[in-house]
Each structure stands twice: as C-alpha cells, then as structure tokens.
Amino acid sequence: IDTPDGDSLLVWGYGVTGGTMQYPGPTLIVNQGDTVTVNLSNSLPQPVSIIFPGQENVVATGGTPGMLTRESSGVADPVSYSFVANRPGTFMYQSGTRPELQTEMGLVGALIVRPSGAPQQAYNHPSTAFDYEYLFLLTEMDPQIHYRVDRGLYDTTDTTAYHPVLWFINGRNGP
C-alpha cells in the first residue's frame, strides 16, 4: 500500500475468490436472518483465520484448530465459516490468528447486517431511519511492524511497542 510520504508497505488482506486482496477486506452486506458462509483459502506464509465479533454460533469447518477458531495453514487447507446473522448492525471481522499482528497487517473488514423488514433503518427502529448510507472503517498502521514482516520476521515481531503513524479511512490514508 502506498503511503503519503512516497513509501509503500507490505500489507495482507482478504479478497473475493479470483480477485486480488483488499485493504480493508471486502464489505460483507447481509440481511438479518441470512445464513452467511465465508470460505477462506490462505496463500500467506502464516496460518490465517477469521473471527466475526458480535455474531453468535459461528461454525468453522476444515483447516486446523487454532486458539480462537479454525485456521487455514495454506491453499490446500481451506476453512469455511458459517453463521446466521441474527443481530442487525455494523461489525468488524478480523483475523483470529495472532490478531495483534495479522489485523495490523491488514486482515480486517466490515460486516453490515441490515435489519429484517426495515432495510432503510439501522436497527429496526423508526428513529434510526436513513436516506443515504456511508461506511467509514478507520484503521491505523505502525510501519516498523510491516518492515519486519516484509523481512520474514513474523515470530520475532514485537507488537507491544506499537506506535502507529499512518491513519486510514476505508483503506485511504491521509497526511
């Protein structure tokens, strides 16, 4: 990803099958009550997963057991995540494998669950009606972490010294 100082950083990202990765990941827009299935195929040099905070009863199949959910260790080791989107609202999804490192590297995206019966309302209540919808996903980056990962130093990258100096709105950064 290009930075405003003329530099660029290695980022990881989720993407749609057959497409390129995105930062942030693709926005998932579903209706309340929909069964959502996300298939993860990993082409990164580290195991990867996805968690869906705010969603209940997420079932992961395939892959290998990880600390928070099942992980994909490579292209030949896919994972499928499935859940019923019961709670309307706007949520993030992110990596559940070393989230302090992988979310920083770009494995993050937005999930919008539209309420059933009220598509132009945020939470199925008349006071939350809207005419236009805008999503602002705010993220930040510490370039030092990205430089270390770019050199293959995954296991020795210390994220406790995190010092972000780049800020993004929907993957676009500013000065």
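Reading the sequence shown from the start, the letters are residues -13 to 161 in my numbering.
Here a beta-carbon is modelled for each residue, glycine too, at the ideal position from N, C-alpha and C.
Every value quoted in this text rests on a predicted model; they were computed, and no experiment measured them.
Residue span of the beta strand (DSSP E) that contains residue i, given as start and end
{"i": "Glu126", "result": "Leu124 to Met127"}
{"i": "Leu14", "result": "Leu14 to Asn17"}
Residues bridged to residue i [DSSP beta-bridge criterion]
{"i": "Thr21", "result": "Val70"}
{"i": "Asn28", "result": "None, per the DSSP bridge assignment."}
{"i": "Asn159", "result": "Phe154"}
{"i": "Arg56", "result": "Pro51"}
{"i": "Val99", "result": "Val16 and Gly75"}
{"i": "Ile37", "result": "Gln80"}
{"i": "Tyr0", "result": "Gln8"}
{"i": "Ala108", "result": "BP columns for Ala108 are empty, so no partner."}
{"i": "Val94", "result": "Gln80"}
{"i": "Ala46", "result": "Tyr67"}
Pair within 8 Å by beta-carbon distance, residue i and residue j
{"i": "Phe77", "j": "Phe38", "result": "yes"}
{"i": "Ser68", "j": "Pro33", "result": "no"}
{"i": "Val94", "j": "Pro10", "result": "yes"}
{"i": "Ser29", "j": "Val61", "result": "yes"}
{"i": "Met127", "j": "Pro150", "result": "yes"}
{"i": "Ser35", "j": "Val(-3)", "result": "no"}
{"i": "Ile15", "j": "Ile131", "result": "no"}
{"i": "Leu152", "j": "Thr6", "result": "no"}
{"i": "Thr114", "j": "Phe154", "result": "no"}
{"i": "Leu87", "j": "Thr143", "result": "yes"}
{"i": "Val22", "j": "Met91", "result": "no"}
Where residue i falls: helix, strand or coil (DSSP)
{"i": "Asp(-12)", "result": "strand"}
{"i": "Ile131", "result": "helix"}
{"i": "Ser(-6)", "result": "strand"}
{"i": "Thr76", "result": "strand"}
{"i": "Ala147", "result": "helix"}
Residue range of the unbroken alpha helix (DSSP H) whose run includes residue i
{"i": "Gln88", "result": "Pro85 to Gln88"}
Any C-beta of chain D under 8 Å from that of residue i
{"i": "Ile155", "result": "No chain D is part of this structure, which consists of one protein chain only."}
Give a yes or no on contact between the segment 79 to 91 and the segment 51 to 69, applying the rule of three or more CB pairs nearer than 8 Å. yes
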